Structures are given as C-alpha cells and as structure tokens.
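These notes concern the structure reproduced below.
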Ligand SMILES: Cc1cc2nc3c(=O)[nH]c(=O)nc-3n(C[C@H](O)[C@H](O)[C@H](O)COP(=O)(O)OP(=O)(O)OC[C@H]3O[C@@H](n4cnc5c(N)ncnc54)[C@H](O)[C@@H]3O)c2cc1C
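Here it is as structure tokens:
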C-alpha cells in the first residue's frame, strides 16, 4: 500500500486549490479524481457562462484571463487545466475513491485502482453527480434528462423544462432561441429569486410575450413517451412533448459521506459536521472543502467563496505537524 501524507478526494476547482496549497507547503499529497480534470465543469452546458467574474474564480492569485468579464465554460476548463499542468500537480484521473476508513491514526483509502494509507484526507467531492429527482412515473424514460448540454439537439422539438432556477432558465432561453417549442414548468409561484439579475428580464419578457410558455404551482403527475401530464391550480393538462429537461438541482453524495462516518444534521438539509475555523470534520484529520459543506443547500458554497478552504485546511495541517 502506498503511503501519502494527504489525499484529496475530488479534482474540482476546490480540490485543485487544496493540491496547489499542499504543494506550496511541501506536503506530500495526491488528488484522486474519478473523471477528467474539473469533471463537474466539463459536464456543464457547453455554452454556459459563469455568474462570477473571472478574478473571483482564480485560485492562489493565478490570473484568470477571459474574453468577457464573466468567463465561459471552455475558458474555465482552460484555466483549471493549465493550473494542473503548469504546476505539475500530483493528480490521478479516472480513479474513483470507493471508501475511506480510519484505522488507528491513519486513513485507508480504497479506489477502483489502488489502496493508499494517508495521515490526512480532504473530501472535496462536489455536488454534480446526483440529481434531485422528481419521483414521478416516466422519469426513467430516455427522453427525460437531469442534465442539459447543447440546445442544438432540441431544435424543432417540444420540450418541457422543469425548474425555475438558473440552470432551467438558461436552458429554456437557449433552446427557445435554437427553435425549440419550450414550456417551463415551475413548482412555485414564480421564477427563482436567485436567477441572474441580467437574465431575469429576458425570461420575464419571453414568458410575457408567449414565446416561452410557463405554468406555475405545477405538480408533474406523469411522463409518457409523447406527452407530459401536469396538475395546476387552473386544472389538469396533458401537454404534447418530445423531451423533458428536469433541471431541479443536484446534491452531494450523502451515502459516501455517511459511509466515511461524517455526521450529517438530522433535518432535511443534511449539513455535514465540521469546525468552521479549520474545516475539520467530526473525524480528526479528515477535512471538508467546497460545495459539499452546504449539504442540500448547494447554493451556499461555490467556487468564489470556498476557494479559501484550501488555505484554512492546509494551515491547520501544518499547525499539527
Ligand atoms: C451551471 C452552473 C454554473 C455555475 N456558476 C458558478 C459561478 O459563476 N461561480 C461560482 O463560484 N460557482 C458557480 N457554480 C458552482 C460551482 O461550479 C461549484 O460550486 C463548484 O464546482 C464547486 O467546486 P468543488 O471543487 O467543491 O466541487 P466540483 O466542482 O463538483 O468537484 C468535485 C469533483 O469531485 C469528483 N468526485 C466526486 N466523487 C468522487 C470520488 N468518490 N472519487 C474521486 N473523485 C470524485 C467529481 O468528479 C468532481 O470533479 C456553478 C454551477 C453550475 C451547475
């Protein structure tokens, strides 16, 4: 078994920030990433534009230069990839961590390829792997997706977009502009309050003029191969439908966190337990970083405000050495 001082689980922006900080502090570290570099960002919609301006996504002050103030997905892939390659970060890609077990003082980390022993572990596994399902008959049909990639696919198709937050609104607008017939199905009484302020007028106006149809206070009752059935306060409707984009958010892998032994709050938020001063979890020498720290509230922590986790954690590790 290989012994490594620090294993970082997850090669997203925050896992990479932790690796960079470990390297600067001369700590023997290894990042284990189950996909390519910044796997979540790689899987985001091809045309997505960050709501943060590029300097707010920078790690360790390394300049992030983008064409517009707010960078696009491709520019972010370029930025984080260059950080990994230019700094020769120690990262194993396509290596998934299956278990992390504490035995005496050390952690035994088992992946789909190897076994390691580590003194410290950082969990930075993000939130994009597990969608929030709507639990309705027909959700398993191939025409239903919880991920949106490219609007071209939906040209001249009747699509239902479920959701009212940024992902749903962006997808609805893009697909409408590429010739899809879009219906937005909103569970609440209005478009989400966190929708980007510069996008909000666009969606409001498209709905007002009828270019995008919207139903509010909707419960989806059934999805069939050629239709979708909804219940609304105005009555029940069956809408002709080719594709459903259920963009109802994502959640951290709580099963994985529980298996490791991390305490989660008993309410529906499932907040993981950690010390805010050090980011250390209820397990000594095991730290949490990035979006997972918010439990089901995946909007609390994002790149902008969680990149500081790297310095906090590595300072704490150094103080223990
Ligand atoms: C459409 C969209 C737009 C966004 N725009 C912004 C923005 O403008 N500004 C901003 O600050 N934030 C934004 N966010 C949020 C931001 O992308 C996330 O908060 C951020 O990616 C969190 O970084 P992370 O490193 O914690 O997690 P992630 O980026 O999700 O990285 C976690 C990594 O862990 C890997 N992993 C998971 N499980 C394992 C395992 N068992 N073994 C090995 N590897 C594993 C995953 O493959 C992934 O690469 C946006 C999110 C979305 C969906």
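Numbering (the working numbering), first residue to last: 11 to 331. All C-beta atoms in this analysis are idealised placements derived from N, C-alpha and C, irrespective of residue type, glycine included. Remember, predicted model here, so these are calculated numbers, not experimental data.
Excluding its 5 nearest sequence neighbours in each direction, residue 133 has C-beta neighbours in its own chain below 8 Å: 19, 20, 110, 267, 270, 272, 291, 296, 297, 298, 299, 302, listed in chain order.
With fewer than 16 other Cβ atoms from the protein chains shown falling within 10 Å of its own Cβ, residue 79 counts as exposed. Going by beta carbons, residue 179 and residue 185 fall outside the 8 Å limit.
Residue 209 carries a coil assignment under DSSP once its states are collapsed to helix, strand and coil. Here DSSP, grouped into helix, strand and coil, assigns residue 240 to strand. Between residue 64 and residue 50 the beta-carbon gap is near 18 Å, outside 8 Å, which marks them as no contact. Proximity of the beta carbon of residue 87 to ligand 1 is not indicated: no heavy atom of the ligand is located closer than 7 Å. The nearest non-hydrogen atom of ligand 1 is less than 7 Å from the C-beta of residue 138. If you look at residue 29, you'll find it isn't in any beta strand (DSSP E); it sits in the alpha helix (DSSP H) that goes 23-34.
Residue 115 counts as exposed, since fewer than 16 other beta carbons sit within 10 angstroms of its beta carbon. Between residue 316 and residue 255, the C-beta gap is not smaller than 8 Å, which leaves the two residues out of contact. Closer than 7 Å to some heavy atom of ligand 1: that does not describe the Cβ of residue 151. Residues of the same chain with a CB within less than 8 Å of the CB of residue 31, apart from the 5 flanking positions on each side, are 70, 320, 321, 323, 324 in chain order.
Taken through DSSP and simplified to helix, strand or coil, residue 131 comes out as strand. Closest option to residue 11, judged by alpha-carbon separation, among 173, 126, 56: 126. By the beta-carbon neighbour count (other beta carbons within 10 angstroms, threshold 16), residue 57 is exposed.
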